[in-house]
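Trainee: Starting off with a structure, shown below.
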Amino acid sequence: MKKQQSEMDVKLRALNFRLKRCDEDSAMKIEVAVDRHRESITTILSTISILKGSIEEATFAQSESDESIQQWSTEIENQIALADKCTQKLADFVKTIYQRAQEVELKHTQEQTMQFEKQLLEQNTRRIATLMSTTTTKVEEYDLSLEAILRKFVLNARVTKINKRELLTLDNPNYEGF
Numbered sequence: 001m002k003k004q005q006s007e008m009d010v011k012l013r014a015l016n017f018r019l020k021r022c023d024e025d026s027a028m029k030i031e032v033a034v035d036r037h038r039e040s041i042t043t044i045l046s047t048i049s050i051l052k053g054s055i056e057e058a059t060f061a062q063s064e065s066d067e068s069i070q071q072w073s074t075e076i077e078n079q080i081a082l083a084d085k086c087t088q089k090l091a092d093f094v095k096t097i098y099q100r101a102q103e104v105e106l107k108h109t110q111e112q113t114m115q116f117e118k119q120l121l122e123q124n125t126r127r128i129a130t131l132m133s134t135t136t137t138k139v140e141e142y143d144l145s146l147e148a149i150l151r152k153f154v155l156n157a158r159v160t161k162i163n164k165r166e167l168l169t170l171d172n173p174n175y176e177g178f
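Residues 1 to 178 in UniProt numbering are what the sequence shown lists, from first letter to last.
What follows is the structure, encoded as structure tokens:
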């Protein structure tokens, strides 16, 4: 029982050490670190709960008074309650970080959609000269950005949508000579 009691003291000291860092970790704003800290507190709480049960049983076997066992148990439970509050605080913090990240992603997606729709609805009236005649019509213009994958190269271009069923072809009278 003395071995369990000393192990309990070590675990409680480790728990108190981790609980002191509770506010520091929530200020870090790094989801993985905060979640890892929460998990370490949860793990040590599980060990403390198991040890508490074993020590209580061993104390009952030694015919200790229920009052002394209750007093000792209450002190441990108070520390466990503090640890539970800390783990809940850290879990809520991780949840808040996750929600903020989702909100930022949603906002970014909405901005991209709005930008595309703005580009899509940008229509101009233009005189278009063709081979046979000149006409005035509405055209849709799009701003495109072509990027190279391996090198840092960007080509920005404004393109015009053309509604033709087939591509423009011209007969080359010198084709046979090639």
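Glycine is no exception: its CB is placed at the ideal position from the N, C-alpha and C atoms.
How is Ala81 classed by DSSP in three states: helix, strand or coil?
Mentor: helix
Trainee: Are Glu56 and Ser73 closer than 8 Å when you measure CB to CB?
Mentor: yes
Trainee: In whole angstroms, what separates the C-alpha of Ile76 from that of Ser49?
Mentor: 9 Å
Trainee: Identify whether Leu148 lies in helix, strand or coil by the three-state DSSP scheme.
Mentor: Going by the sequence as given, residue 148 is Ala instead of Leu. DSSP places Ala148 in coil when its eight states are reduced to three.
Trainee: Report yes if the CB atom of Tyr142 is closer than 8 Å to the CB atom of Val154, and no otherwise.
Mentor: no
Trainee: Within a Cβ cutoff of 8 Å, which residues of the same chain sit near Leu90, ignoring the five residues on either side of it in sequence?
Mentor: Cys22, Asp25, Ser26, Val34, Asp35, His37, Arg38, Ile41
Trainee: Between the Cα of Ile44 and those of Phe93, Phe116, Gln88, Ile80, spot the shortest distance and give me the residue it belongs to.
Mentor: Ile80
Trainee: Which residues in the same chain as Val94 place their Cβ atom closer than 6 Å to its Cβ, once the five residues preceding and following it in sequence are excluded?
Mentor: Glu31, Val34, Asp35
Trainee: Return the residue from the list Ser145, Phe17, Gly53 that minimises the CA-CA distance to Cys86.
Mentor: Phe17
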